[in-house]
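What follows is a short report on a single structure.
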Ligand SMILES: [Zn+2]
């Protein structure tokens, strides 16, 4: 089975367990927004029993590649949660970062489970069991986040690119972003001035930067308003160091929760 980005790889490994060999296309440390498949990647996509991609615009190259794919199973992991994908619609591209809301991530896991059971019916019972265990863990994380973010002095945070929209929506927060949905987009001077005003008005003390994106812009903005910087990890990819240190979706989400609680001054 081939996946396009870390959150899908993690789901596939959890749900597939020992029955499934998962190969993730984006290498550790790469910013998956910018990634493009090479010839070898395209061949592996076309040859895989199951190819799972996030959809919702995260892999702009995928339509071109899938024109040639018809032999194998293809899963768009956000297809099943279309009604949840309201963010960003009507004003440019939809927000693809659904995995940062544990409830939406669970829906992606269910879609992966159905796709695996369809190509390997004998594994169905095992996949169901694995999914149930993942579901318990995701619900526990969601409850922890709900509790941790329920009593905070602030409900607004500032981040490099607008990757935390679903998380913000789920937990009643507001996300202000420097560069919108694309990590590499430059913010206009007018937009930066607006952000500076909003930060000063709301008493925000931290500007978040992201693990795989240069912290330069976040640092500049933080200096401008006398704030500090803190890391949030949108988890689209992990670095090799993260992986060697045993980090995974759950550990990174818990670090994100700790940093959000710090920035939002939660009790
Ligand atoms: Zn992103």
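In my numbering, the protein residues as written are 355 to 621.
Ideal Cβ placement from N, Cα and C applies to all residues, glycine included.
Treat the numbers as computed from the prediction; the structure is a model and nothing was measured.
{"Asked": "Find out if the Cβ-Cβ distance for the pair residue 361, residue 462 is shorter than 9 Å.", "Found": "yes"}
{"Asked": "Out of 508, 456 and 392, point me to the one whose CA is closest to residue 489's CA.", "Found": "456"}
{"Asked": "Grab me the residues of residue 366's own chain with a C-beta within less than 7 Å of its C-beta, minus the 5 sequence neighbours each way, in chain order.", "Found": "355, 357, 374, 376, 406 and 466"}
{"Asked": "Taking all protein chains shown into account, decide if residue 514 is buried (16 or more other Cβ within 10 angstroms of its Cβ) or exposed.", "Found": "buried"}
{"Asked": "Counting only C-beta atoms, is residue 451 closer than 9 Å to chain C at any point?", "Found": "In the structure shown, chain C cannot be found, because there is only a single protein chain."}
{"Asked": "Along the chain, which unbroken stretches of the alpha helix (DSSP H) at least 4 residues long are found entirely within the stretch 471-555?", "Found": "478-502 and 519-524"}
{"Asked": "Which stretch, first to last residue, makes up the beta strand (DSSP E) that contains residue 367?", "Found": "Per DSSP, residue 367 belongs to no beta strand (DSSP E); it is in the alpha helix (DSSP H), 360-370."}
{"Asked": "Would DSSP call residue 558 helix, strand or coil?", "Found": "coil"}
{"Asked": "Using the DSSP secondary-structure output, state which residues sit across from residue 464 in a beta bridge.", "Found": "Paired residue(s): none; residue 464 is not in a bridge."}
{"Asked": "How far does the alpha helix (DSSP H) with residue 574 in it extend, from its first residue to its last?", "Found": "570-579"}
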